[in-house]
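Below is one structure, written out as structure tokens; comments come after it.
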Amino acid sequence: MYVILFLVLFLSACASPAPQFFGAARHDITLEGIRFAVFHDGAQAEVIRLGYLNRHARASVPELMVMAAEQTTGCKVIANSLRSRIPGDTGEARLALRCPGG
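Mature numbering (1 follows the signal peptide of the UniProt record, and there is no 0) puts the sequence shown at residues -17 to -1, 1 to 85.
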């Protein structure tokens, strides 16, 4: 029992980017008590929510992911570009960016 709990807690603290974001700059940020890892590579970002949230607490996550990407990269997220590999998933999202000078 304790081993399973330890593994769940350990894995929820980890964030590995998708293969196309290997080598991307990583930024960590906490917004409204929710932790995110943002991987920035050129005109795109991948945002991973760290930790568990119940269904009710997930409602604000997509908006917070946009804020996390903008605050950590200094870029503007292109409207309606947020995509998840699993529709409706709030654990991971990819966003297109418009960066200064880019």
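Ideal Cβ positions, reconstructed from N, Cα and C, are used throughout, including at glycine. Quick caveat: nothing in here was measured; it's all calculated off a predicted structure.
> Along the chain, which unbroken stretches of the beta strand (DSSP E) at least 3 residues long are found entirely within the segment 25 to 70?
Replying inline: 27 to 33
> Any idea which residues DSSP pairs D11 with across the strands?
Replying inline: Here residue 11 is taken as the residue at index 28 of the sequence shown, counted from 1. The partner list for D11 (beta bridge, DSSP) reads A20.
> Should Q3 be labelled buried (16 or more other beta-carbon atoms within 10 Å of its own) or exposed?
Replying inline: Along the sequence shown, one-based indexing puts residue 3 at 20. Exposed is the call here.
>> Per the DSSP calculation, A79 is bridged to which residue(s)?
In response: Along the sequence shown, one-based indexing puts residue 79 at 96. Looking at the DSSP assignment, A79 forms a beta bridge with Q27.
> Residues in its own chain within less than 6 Å of C82 by CB, not counting five upstream and five downstream?
Replying inline: The residue given as residue 82 occupies position 99 in the sequence shown. Contacts found: C58.
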